[in-house]
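Okay, structure first, notes after.
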Amino acid sequence: MDFPFIKEAISQLFSKSSCAMYPAAESPAAPNYRGRIVYHPDRCIACGMCERVCSGNAITRRVEKTDEGDKITLTFNLGSCTFCATCADFCSRNAIEFTGDYHMVATKEEDLLVSGSFIKKPPAKKPAPAAKPQAAPAEAPKETPACAVVPREDGKPVSDPSKCVYCTLCAKKCPAGAIEVDRAAKTWALDEEKCVACGTCAEVCPKKCIIM
Amino acid sequence: MSMLSYQHFPIYAIMSLFLGAFLVVMLGKNRAVRNALAFISVSASLGFLLALVKRVMIDGEVIAYWMGGRVPAGGYAIGIALEVDALSLFFGLLIAVAVFVSCVYSFSYMSHDDNVREYYTLFLMLAGGVMGLVLSGDLFNMFIMVEILTFAAVALTAFRNTAAGALEAAFKYLVVGCMGSTCILVGTVMLYAQAHTLNFAQLSALIAGDMNTATKVAFALLFIGFSTKAFIVPFHPLAADAHGAAPASISVLISGVLTKSGLYGIIRLTYFLFQSMGLGSMQFLLVFVGSLSMFICVTMALAQHDFKRLLAFHSISQIGYVLTAAGLCTAMGISAGLYHAMNHTIFKGLLFLAAGAVLHQTGTTDLGRLGGLSKRMPHTTVLFLIGAFSISGIPPFNGFASKWMIYQATYMKAVESGNIGFLLVTIIALVTSVLTLASFVKVSQSVFFGRLPAEFENVKEVPFGMRFAMGIFALLCVVTGLFPNLVTNYLTKPAAAAVFSVGNYIDSMMGAGYAESVMAAPPAAPVITYTELGCWDPVSWLLILAIALLAVTIVALAGKYDRVSLRPAATDAKHDLFFGGEESVYSQVGGGDLFWGFKHNWRHYFGFMHDLHSGIVNDYALWALVALALALLFSLIVL
Amino acid sequence: MSIILSALQYLGYILIFPGFLFCFLGGMLLCGIDRKIVAKMQKRVGPPVLQPFYDFFKLCGKETIVPAAAAKTTFLMAPLVGLAALVVIQLFIPVFHFSAFSGMADIIVILYLLLIPALSIIIGGAASGSPYAGVGLSREMVTVIACELPLVLVLLAVAKTVGSALGTGLCFSLTEIAAYQAANGSLILRASMIPAALAFLLVIPGETGNHPFDAAEAETEICEGMLAEYSGPPLAVYKLSHAIKMLTLTSLFVALFLGGIGGKIVNILALLGLTGGAAGALGVLLGAVVLFLLCALITIVCISLVHAATARLKIEQIFKYYWTVVSALALMSLVLAWYGL
Amino acid sequence: MFKKLIAESAAKSPWLFHINAGSCNGCDIELVSVLTPRYDAERLGFKLAGSPRHADIVVVTGPVTTQSLPRVLRAISQVPEPRCIVTMGSCPQSGNVFRGSYSVAGPLSKYVHVDVDVAGCAPKPEAVIDGLALATKILKEKRGR
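Protein chains in written order, with this note's numbering: chain A, 1 to 212; chain B, 213 to 851; chain C, 852 to 1192; chain D, 1193 to 1337.
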């Protein structure tokens, strides 16, 4: 039988211990450590992207009708989160931020929930004359008239066929997947239910032919 | 010389047993009469011997009793004589106690068996034979008693002929036993041809002077004959098979009594008849054979799977201890040997009775199938533990006192003789003691602790008769362990003195002055003094241990130590055994799967031993012949 | 009156000085020092030295669960018997020149009394009925067999050396050995005794069941072996007897091989000019402190260093190691002692 | 005095028993790394115990699969009082990414009262030490009663 570590054992006896005395000495997390989630409701546009990409489906959204508009609360359940920060990557408004705070110890369920809410006001435009957009009956979204393009009253995007080159970039970028573009038939259609008027298509369009 | 004077007590002791045997055959139809007869004859024999203790042990008188009043005429002893000196009385007492307890035990132990009448007849014949052998002063008379006890033992081994291997074990025992008896007979005949007398004392006076080849051959034959009776190394597998099959009360007799008679024969042979123990080589013979059987049998015992076979091998290993101690030819050695022989009869008897109790209640002694019996048979477990602790030499019990004397004797002999061989013997003795403890840990885990198998769920405690018998042995275990000085002063020292005073033995038999006239240099009777070197005085050790234990238990109980949580409902996971989370199914770790580390390191040794002990009778007969040849060679060269 | 006085004195010996209190404090402190030094050797900070006390009192506060398959009384009584036997051994080990029960310190008896704690843990494990305990006790017994041979050889060597020096051929009494060493120097300084001392040092971790040789109580492989079913106060008693066993064996080493220091204590007292009762009491106190310090030193050398330097051995490696390497060392010193070195 | 001493030492020598209820071993390594020289939980008295009978704090990792559920509950029930149950990582707390799978028997809190949860998908050793320190405080209160 041999004693493999006698030299190390004896030499370490007199050297300093390599112990980071944790509770006494504070030990900060690594620079971009993905710890506790901080949610900025003001930036959020409730596009639901984070909720869909979260693998641990830790994000839940609750919409309440209030007089000023829809009060949307997003709750992040740290107890079900894998801290992979995919939601932060996908959040086009980077409303989700992972801080370096790793002290996530809780005795009650609630301590692990991070939530924030904001009121989503309807668009500032004059109120719609008749049916409210949400209650729009199921008439098919017709092509807008070929004359000069006029922005729609519910704030959703409309494309100017004259300038549109049907590059389908807006369809790809639309988080809600509400735009269908058919290059052959040269048609551009918008699905009102899905569209959340986030403005990504307008931003992205190279020809700036989408106006809100 | 009235009928009741003490002179007649030796013959009464023997005859009460034989008479009992005869009467049991005649009147033993119903159970009560039979038990009463057996009890009376056994206690009578014990009573007669106890009456002699004062006279023989304390006053040192040697009783010479000529059967039929035929005193020696013209210097030649014609009649048959009984001679009881301290040594024979010591062995006689040992035998009487063992026979008494075994008889009490077998009243309830044999209740299940049929034709128990024959059992008691053979039982009393065996007891009478051994008592006769130990008390007789005539060489041929010893041979006759050897014949009686051998046949009684063989018949009793095969008593439960339905048991597997009983007939085969009895046959093996018969074959090699008869080889031993014939060796004794031929040896006796050769001695008679030399000295024209059969009287033991006269023989030892005449033989010791002129040692020609005939007497040397006679020595070898007699030595081999008596070692077959004592089951020493070349003959030990017989004992294992015999004990495996015989009923437990008979195992007590075989291991406690039969082997002692073999030892008695060897001691008489080497110290008295040939007075050759002074020779270094003779001591080497006894010590070598003793330590060989000590070590081989304990390692064989570790490998056993059957409770009684394991105990059988242990009894041979303890006989090895006694033989080693007796072979030292020092006062302390003999005394230690005799003390250990007595202890061995007591704790080995207790262990065999415990094995019998287990067999009686569960029907099997296979270590693999038993387990957890302590929950159903608590008294037997406690009694077994007392026996196990005393055989492995745990201090407060008797095994320790005698083993401790043996270590001192061998070590002192090594120091005095300067020969390092005896040192090796001490080391073997100490290591064997630990191996004995290991095998008894194996037995206690496989039989009494561990998990209780389903088939023994409704096993009940043994009847009171058996527990009472075991209780007697357990009490003796503790008493002889606590008062060794009592035992040594009154029992072993006089016996050791008797072993050395050959001259007194001869004179008391053949008349004063006979020894000086006949022998060239009559051995002077040495005064027996030896100083025990250590300071083991058990009573105060036990007192301190008891006080410490009391203090610990009081503190524990004060701390509400016994407020424990027991299982409330029939099934509740909290009080189940921890199985790594699994459902705790029945799984017993016992029997063969213990001590893998030791067996793995000794696997070549165990493999060789396994092949050697083939169990075929002609192998054992061959061993007996080889042993005889070696003995002849040895005695021709050495004596 | 004097009987009551001497009875009280003996009771004091049993309960206070070399008995329970000294064993409890000394054993636990020794265990604490051992754990601290092992941690230091692994570049860790390690638990506070009083950690064994905390463990002991915490376990005393826990609930004792007796499994249904266990034999209840044996299960509960076994730890107490082991503890009592260990304290009895400690009583007979002389503290240099002071020995509580002077007439009765005997090596062979101590050798056998060391079996009782091992037996108590074995019977306790067997009584619990758990298969882990079955495997544990089989390994514990093999470890006991393994340690027995070298221990026997060492004790015989010491007995022979002191015996031949005193002329009685053989001396088993510890007090005589202590007196002999006080008179002419510790035994460790003699040539023939160095291998014996080394062998004894190697036996101590095996006998107490410390790290490299704790196959019997391997918490990872067989869930603490025989202690698998113990919880609460019985477990506390077993941990306590494990700690006391370390103290007993190290003080046995001091008594056997470093007795010479007793002589120096005596002449230190003489130097200070103290005589009579005061010197006796002070001498004993000084002796106890020096004994504990020596024990701590030996624990660091033979238990902590070996614990930190190597990994746990398989049970057959333990057996082979003890019966070849360590026994050879001990045999060498026995043969040297035999031929009068 | 004695009872106070016991309560004090209950907080100073908490022994852990680790149950892996189907974990991906991320948390298991983190738990064991707490005992390495870098974080050295032993200086606070923590020690990994081999059998639940010796444990005070039960650390459960993994999303309590249906296969391991009965075994986890049996092992936890075999721990003597007073005891604390700590779930480590997101899996025992909510099933994490495995929630809703046919073989996950749901969060541990459905079956047993969980005292402390250390969140993090493989929480940092420091967080584990915090959790265990919190558990010892709870142990002391339980002991105090």
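For each residue, glycine too, the CB sits at the ideal point set by N, CA and C.
Per-residue DSSP class, three states only, for residue i
i	result
A/R36	coil
B/F807	coil
B/D831	helix
A/T82	coil
D/P1210	Here the sequence assigns His to residue 1210 of chain D, which means Pro is not the residue at that position. D/H1210: strand per DSSP, three-state reduction.
A/D219	The requested residue 219 of chain A does not occur in the structure, where chain A is confined to residues 1 to 212.
B/M227	helix
B/V850	helix
B/G456	helix
B/M731	coil
C/T994	helix
B/D749	coil
A/F261	Since the first residue shown for chain A is 1 and the last is 212, residue 261 of chain A is missing from the structure and cannot be characterised.
D/M1280	strand
C/A1047	helix
A/D89	helix
C/F949	strand
C/I959	helix
B/K615	helix
Run of the alpha helix (DSSP H) containing residue i, from where it starts to where it stops
i	result
B/A310	A298 to Y321
B/R815	R815 to L824
B/N555	A543 to T574
A/K120	Premise fails: A/K120 lies in the beta strand (DSSP E), L113 to K120, not in any alpha helix (DSSP H).
C/T1026	L1025 to N1035
B/V499	G492 to L514
Among the options, the one whose alpha carbon lies nearest that of residue i
i	options	result
B/D784	C/V1013, C/A919, C/G883 and C/S971	C/A919
C/A809	C/A1034, C/P945, C/L856 and C/A858	The shown model of chain C, from 852 to 1192, leaves out residue 809 of chain C, and the question about it has no answer.
B/A420	B/V764, B/A727 and B/A458	B/A727
D/V1289	A/F90, A/D182, A/V53 and A/S80	A/S80
D/P1229	A/H103, A/I72 and A/Q12	A/Q12
A/P122	A/G69, A/N57, A/T60 and A/V181	A/G69
B/G232	B/G304, B/L334 and B/Y288	B/L334
Sub-8 Å separation of residue i and residue j beta-carbons
i	j	result
A/A95	A/Y39	yes
B/I479	B/L347	no
B/A707	B/F412	no
B/Y385	B/V366	yes
C/A1188	C/S1043	yes
A/C195	A/A178	yes
N-terminal and C-terminal residue of the beta strand (DSSP E) that residue i is part of
i	result
A/K65	I59 to T66
A/A189	T187 to L190
A/F76	G69 to N77
A/E180	I179 to D182
**Message:** Count Cβ pairs between the stretch 531-538 of chain B and the stretch 473-480 of chain B that sit closer than 8 Å; are there 3 or more?
**Reply:** yes
**Inter-stretch contact at 8 Å, needing at least 3 Cβ pairs: the stretch 429-438 of chain B / the stretch 400-413 of chain B** = yes
**Request:** Determine contact between the stretch 992-1006 of chain C and the stretch 1130-1145 of chain C, defined as no fewer than three beta-carbon pairs at a distance below 8 Å.
**Result:** no
**Asked** Any chance the stretch 678-691 of chain B sits against the stretch 552-572 of chain B, with 3 or more Cβ pairs inside 8 Å?
**Response** yes
**Request:** Give a yes or no on contact between the stretch 1070-1087 of chain C and the stretch 1023-1030 of chain C, applying the rule of three or more CB pairs nearer than 8 Å.
**Result:** no
**Request:** Count the CB pairs spanning the stretch 219-236 of chain B and the stretch 247-260 of chain B that are closer than 8 Å, and state whether there are at least three.
**Result:** yes
**Request:** Determine contact between the stretch 1156-1164 of chain C and the stretch 603-619 of chain B, defined as no fewer than three beta-carbon pairs at a distance below 8 Å.
**Result:** no
**Asked** Within the chosen definition, does the stretch 903-914 of chain C reach the stretch 1086-1099 of chain C through at least 3 CB pairs nearer than 8 Å?
**Response** yes
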